[in-house]
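Residue numbers (our numbering): 1 to 339.
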């Protein structure tokens, strides 16, 4: 299993570059950068990262096909691939958090991702083309140069229809935060029909999972609040899918939590999210994150590998008082050799 790491874009620029260099020296496979709205900008940071590293892969996690036109994503990705040949991956999903951008929503995400993938690949192949899609439109355009490097195109999701699309058209799939074998089997069950429709097999797609991880010294330590925040975000991003799955994810669901899921408006207000963090049961947390000692984290990752996961992209959530650099170093020394 490959272990990679991701940045949410919260750290200042020089510290980000130091972390990428550290991850490379420690043997991590890739370093991803989130395209979180209003955090530090993904392509600018990855461009800088290409100049301070030589081996580690670099990738986007996760672009959407709405707020950044896929043609502009194709241009940026090809530019990065020229700077770091063979080290760039593009990961795209349906997107979220459009509240601050009036007029932007994410309609027809399956169609949008299919059209985006076609445009990206044809531009990378040097074509001049027009696409008049249901979501993506592009008229008589081409890149000014023929890229020598073509980045792999991955799709990120935990929803059934987009997982199926990934099986059909993507080079890889980034399964959204399912941290147990049953969650992975759920995702594979939806990827498989896409593979079959395209006459592809499991060898034609790389199975990856992004996982929230917190490394503790003692299993009796409480779940860090940062993990609760991350899991709550994941849950609320896919509220319908995960609410429908809740009973299969956890056995410790309270009546109060069920009532909240039925009655709370699906909004991202501070009050709603604080209540979700308060009520979310430990079973849900353990289904969508890995929290534990080095031995426990190792065992959980081995179980994911046995379920078919080839790469885990770790979204690091250090416990209070633990610097990210210490987290990365401990994980590399205490967990990576075993997995």
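Every residue, glycine too, gets a C-beta built ideally from N, C-alpha and C. Every value quoted in this text rests on a predicted model; they were computed, and no experiment measured them.
In the DSSP assignment, find the alpha helix (DSSP H) that holds residue i and state where it starts and stops.
{"i": "residue 108", "result": "Segment: none, residue 108 is in no alpha helix (DSSP H) and carries neither H nor E."}
{"i": "residue 259", "result": "255-263"}
{"i": "residue 188", "result": "181-197"}
{"i": "residue 272", "result": "270-279"}
Residue i lies in the beta strand (DSSP E); which residues open and close that run?
{"i": "residue 291", "result": "289-292"}
{"i": "residue 70", "result": "Segment 70-83 is the alpha helix (DSSP H) holding residue 70; no beta strand (DSSP E) there."}
{"i": "residue 130", "result": "129-132"}
{"i": "residue 91", "result": "88-92"}
{"i": "residue 213", "result": "206-215"}
{"i": "residue 25", "result": "Unbroken run through residue 25 is the alpha helix (DSSP H), 13-26; no beta strand (DSSP E)."}
{"i": "residue 138", "result": "137-141"}
Is the CB-CB distance between residue i and residue j below 8 angstroms?
{"i": "residue 109", "j": "residue 94", "result": "yes"}
{"i": "residue 136", "j": "residue 193", "result": "no"}
{"i": "residue 60", "j": "residue 29", "result": "no"}
{"i": "residue 112", "j": "residue 90", "result": "no"}
{"i": "residue 328", "j": "residue 5", "result": "yes"}
{"i": "residue 209", "j": "residue 191", "result": "no"}
{"i": "residue 232", "j": "residue 317", "result": "no"}
{"i": "residue 158", "j": "residue 229", "result": "no"}
{"i": "residue 312", "j": "residue 3", "result": "yes"}
{"i": "residue 169", "j": "residue 187", "result": "no"}
{"i": "residue 310", "j": "residue 207", "result": "yes"}
Please identify the residue among the options whose C-alpha is closest to the C-alpha of residue i.
{"i": "residue 181", "options": "233, 295, 299", "result": "299"}
{"i": "residue 261", "options": "55, 235, 8, 223", "result": "235"}
{"i": "residue 179", "options": "37, 315, 31", "result": "315"}
{"i": "residue 151", "options": "123, 99, 27, 312", "result": "123"}
{"i": "residue 65", "options": "217, 243, 172, 156", "result": "156"}
{"i": "residue 288", "options": "251, 213, 309, 68", "result": "213"}
{"i": "residue 31", "options": "224, 14, 55", "result": "55"}
{"i": "residue 343", "options": "24, 220, 238", "result": "For the chain, the structure presents residues 1 to 339; residue 343 sits outside this window and is missing."}
Helix or strand or just coil, what does DSSP make of residue i?
{"i": "residue 315", "result": "strand"}
{"i": "residue 297", "result": "helix"}
{"i": "residue 48", "result": "helix"}
{"i": "residue 59", "result": "strand"}
{"i": "residue 37", "result": "coil"}
{"i": "residue 230", "result": "helix"}
{"i": "residue 309", "result": "coil"}
{"i": "residue 146", "result": "coil"}
{"i": "residue 156", "result": "strand"}
{"i": "residue 171", "result": "coil"}
{"i": "residue 242", "result": "helix"}
{"i": "residue 64", "result": "coil"}
{"i": "residue 32", "result": "strand"}
Practice problem: Assess, as a yes-or-no matter, whether the stretch 270-286 is touched by the stretch 322-338 under the definition of 3 or more beta carbon pairs within less than 8 angstroms. | Solution: no
Quiz item: Do the stretch 199-217 and the stretch 258-278 make contact, defined as three or more Cβ pairs closer than 8 angstroms?
Solution: no
Practice problem: May I ask you to verify whether the stretch 39-48 touches the stretch 7-18, counting CB pairs closer than 8 angstroms and requiring at least 3? | Solution: yes
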